[in-house]
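Visitor: Numbering (this note's numbering), first residue to last: 10 to 297.
Let me give you the structure first, and then I'll get to my questions.
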């Protein structure tokens, strides 16, 4: 049974050096201050220009409150400098904390965190940056060989933490193309599916994000080979990232990256427009 809980690839995520306790404590403080201010999670999300799900995740300790967020919400919650006072400690903790991503994923994770442009195509599942907590948990629970509950919790937290890339301003620009089949697959059941569709609508309406759907009725589909991502890190040339069955490939050769960039452009031209795509997702949500 022990073997069933181990992954085939080496995992060895580094420990967070006790910083997790700091972030959980901050989350509890944010919740107390929010409730004292008579604000709902949605109210605070609107005021702080972030999602309700992000507020919820930080209060539960599964997302890291970033220094910029603490500075922004301190006056909103009438915290009197309590949250702002923790900024230096949070920055130090973030600097000391070792990355918790699997070793095979870490090089890409660093590039993604420093990206100014990100283009993602997926015909298998909702990309990690767009996933709800419940959707991500459903995916990791179904993983084979089976993961331990501790590993699932860690993976979900890490995946949600990646979504901090939407928070800074000025924000990177994001473009996602999803095959329609991805959104027809009710991973996790009806409630999880509906929540995931709602999150896509929320993120798709951000000014820095465009989401396009590739309809199933298209007679030509130039990329059935599988998902890929194009990343432009700050001050560096664009690279590509592929991952099949957790086996990664980071592509830096200019000609190989160019081929994938051209392919992405062809897919984009065949997909629904962002406006049409959001309308299609709204229709799916109504039919679920």
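Where a beta carbon is used, it is the ideal one built from N, C-alpha and C, also for glycine.
Roughly how many angstroms separate the alpha carbons of residue 135 and residue 152, rounded to a whole number?
Guide: Rounded to the nearest angstrom, the two C-alpha atoms are 15 Å apart.
Visitor: If contact is defined by three or more beta carbon pairs under 8 Å, each pair taking one atom from either stretch, is the region 216-227 in contact with the region 275-288?
Guide: Cβ pair count under 8 Å is three or more, so yes.
Visitor: What residue range does the beta strand (DSSP E) around residue 260 cover?
Guide: Element bounds for residue 260: 256-260.
Visitor: With distances taken Cα to Cα, identify the nearest neighbour of residue 178 among 81, 195 and 43.
Guide: If we check each option's Cα against that of residue 178, 81 comes out closest.
Visitor: Given a threshold of 16 other Cβ atoms within 10 Å of its Cβ, counted over all protein chains shown, does residue 68 qualify as buried or as exposed?
Guide: It is buried - the Cβ of residue 68 has at least 16 other Cβ atoms within 10 Å.
Visitor: Once DSSP output is grouped into helix, strand and coil, what is the label at residue 219?
Guide: Reduced to three states, the DSSP call for residue 219 is strand.
Visitor: Counting only the same chain and skipping the five closest in sequence on each side, list residues whose C-beta sits under 7 Å from that of residue 32.
Guide: Closer than 7 Å at the Cβ level, and outside the excluded window around residue 32, lie 70, 73 and 74.
Visitor: Evaluate the contact criterion for the region 156-174 versus the region 194-208: three or more CB pairs, one atom per stretch, below 8 Å.
Guide: Output reads no: the region 194-208 does not touch the region 156-174.
Visitor: Judging by CA-CA distance, which residue of 79, 148, 147 and 211 is the nearest neighbour of residue 286?
Guide: Minimum Cα distance to residue 286 is reached at 211.
Visitor: If you run the structure through DSSP and keep just helix, strand and coil, what is residue 155?
Guide: Three-state DSSP puts residue 155 in coil, outside helix and strand.
Visitor: Please name the residue or residues paired with residue 229 in a DSSP beta bridge.
Guide: Looking at the DSSP assignment, residue 229 forms no beta bridge with any residue, so it has no partner.
Visitor: Pick from 140, 185 and 297: whose alpha carbon is nearest that of residue 126?
Guide: Closest option to residue 126, Cα to Cα, is 185.
Visitor: Is residue 57 helix, strand or coil by DSSP?
Guide: DSSP places residue 57 in coil when its eight states are reduced to three.
Visitor: Ignore the nearest five residues each way along the sequence and tell me which others in residue 193's own chain have a CB closer than 7 Å to its CB.
Guide: Hits under 7 Å: none found.
Visitor: For residue 204 versus residue 288, is the C-beta distance shorter than 8 Å?
Guide: No.
Visitor: Return the first residue and the last residue of the beta strand (DSSP E) that residue 176 is part of.
Guide: Per DSSP, residue 176 belongs to no beta strand (DSSP E) and is neither H nor E.
Visitor: For residue 53, which residues of its own chain have a beta-carbon under 6 Å away from its beta-carbon, when the five flanking residues on both sides are left out?
Guide: Within the same chain, residue 53 has close Cβ partners 43 and 64.
Visitor: With distance defined between alpha-carbon atoms, name the residue in 170, 238 and 97 nearest to residue 117.
Guide: Of the candidates 170, 238 and 97, the one whose C-alpha sits nearest the C-alpha of residue 117 is 238.
Visitor: Where residue 247 and residue 261 are concerned, what is the direct C-alpha to C-alpha distance, given to the nearest angstrom?
Guide: Cα to Cα, the separation comes out at about 8 Å.
Visitor: Work out the CA separation of residue 189 and residue 217 for me, nearest whole Å.
Guide: The straight-line gap from Cα to Cα measures roughly 22 Å.
Visitor: Going by beta carbon distance, what residues of the same chain come within less than 6 Å of residue 100, once the five residues before and after it are set aside?
Guide: Correct list, in chain order: 76.
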